[in-house]
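All remarks here apply to the structure that follows.
Following this line, the structure appears as structure tokens:
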């Protein structure tokens with residue numbers, strides 16, 4: 006038996022899950038966006054090992070639509086012992102302030118189960134745009150109001166709000182082109198049908214040396230370890246701008262405490278596995294295990310922060 010098999014066996018014994026005993030059916034990670042996006046790739050990079058740890062088969066199920074609110078709402082309304090979890094990110098809290106009508110409460114209708122990590126975002130533009138910095142992009146957009154556009158993974162997604170926030174702070178008029186996934190948005194920029202996109206590092210790293218698209222700024226307060234040669238947006242043209250995202254698993258409110266503890270422990274163990282860490286590194290995600298209590302505090306703080314971002318962006322969905 007090799008090291009991976011020993012680890013898997015140990016996880017299965019240690020985490021041999023009240024969740025599995027109470028609900029022997031398949032557990033599912035719902036991704037509220039289309040296949041190929043940030044959350045989809047992350048979910049699929051963890052699902053097999055998480056299933057071993059929980060003593061269940063964990064499937065990944067895409068339920069895209071309405072900026073992630075369709076799939077997220079599905080989990081909110083799922084039975085507490087159903088084994089359903091949503092792979093959530095910044096867009097989860099954004100929805101609470103962005104949508105005037107939402108059929109679930111991002112805070113009250115979910116149980117924080119396991120924090121996975123954090124990621125920065127990157128402003129990417131088509132090379133035909135005469136700009137090599139965020140400041141030059143802003144100047145070009147101001148000289149061409151309403152003539153440029155930006156692509157996103159959909160209304161209410163982190164790719165939408167990060168760019169709407171950018172536009173609001175910069176005072177520029179750029180048209181929004183909502184799509185269904187980050188990959189689609191990036192392809193629109195590569196093709197030249199859109200001029201800009203702000204994508205999570207996982208979507209940007211593969212294009213760091215691609216002449217078809219230009220990386221002009223990262224959204225973090227300091228330069229990313231994954232893209233050290235790309236300046237921050239704040240230092241290259243828009244002081245005060247900052248945007249990043251957490252990633253984690255949320256279950257329906259009322260999920261049994263034993264199930265929450267098992268999932269949290271299993272994910273924490275996976276975040277020490279060199280194979281999982283290598284996968285996350287390739288996705289530009291910095292792993293960070295948290296207790297359920299700490300994750301709950303992060304969600305509450307982030308909800309307030311995203312409410313300020315939505316307000317500053319001027320975005321609203323009826």
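Numbering (the numbering used here), first residue to last: 6 to 323.
Quick reminder that beta carbons are idealized off the backbone N, C-alpha and C, glycines included.
Query, Result
"Could you tell me how far apart the beta carbons of residue 54 and residue 275 are, in whole angstroms, since I believe they sit closer than 8 angstroms?", "6 angstroms"
"Residue 187 to residue 254, Cα distance in whole Å?", "20 angstroms"
"Can you give, in chain order, each stretch of the beta strand (DSSP E) that sits fully within the stretch 209–273 and has at least 3 residues?", "219–223, 249–257"
"Using a Cβ cut-off of 8 angstroms (strictly closer), state whether residue 41 contacts chain C.", "Absence of chain C from the displayed structure is noted, only one protein chain being present."
"On a Cα-Cα basis, can you pick out the residue from 318, 270, 298 that is closest to residue 56?", "270"
"Under 8 angstroms: do the stretch 119–127 and the stretch 240–249 share three or more Cβ pairs, one atom per stretch?", "yes"
"Within the same chain, show all residues whose beta-carbon is closer than 7 angstroms to that of residue 151, passing over the 5 residues directly before and after it, in chain order.", "178, 180"
"Just mark residue 244 as buried or exposed, buried being the case when its beta carbon has 16 or more other beta carbons within 10 Å.", "exposed"
"Helix, strand or coil for residue 304, going by three-state DSSP, please let me know.", "helix"
"Measuring only the C-alpha atoms, how far is residue 27 from residue 308?", "With a pLDDT of 45 at residue 27, under the threshold of 50, the predicted position of this residue should be treated as unreliable, though the coordinate-derived value follows. The straight-line gap from Cα to Cα measures roughly 32 angstroms."
"Could you pull the start and end residues of the alpha helix (DSSP H) that residue 74 belongs to?", "74–81"
"In its own chain, which residues sit with a C-beta less than 7 angstroms from the C-beta of residue 139, not counting the 5 before and 5 after it?", "128, 221, 222, 238, 241, 242, 243"
"For residue 73, tell me which candidate among 147, 45, 170 has the shortest Cα-Cα distance.", "45"
"For residue 192, name the three-state secondary structure that DSSP assigns.", "helix"
"At which residue ranges does the stretch 96–159 contain complete beta strand (DSSP E) runs of 3 or more residues, listed in the order of the chain?", "115–130, 154–157"
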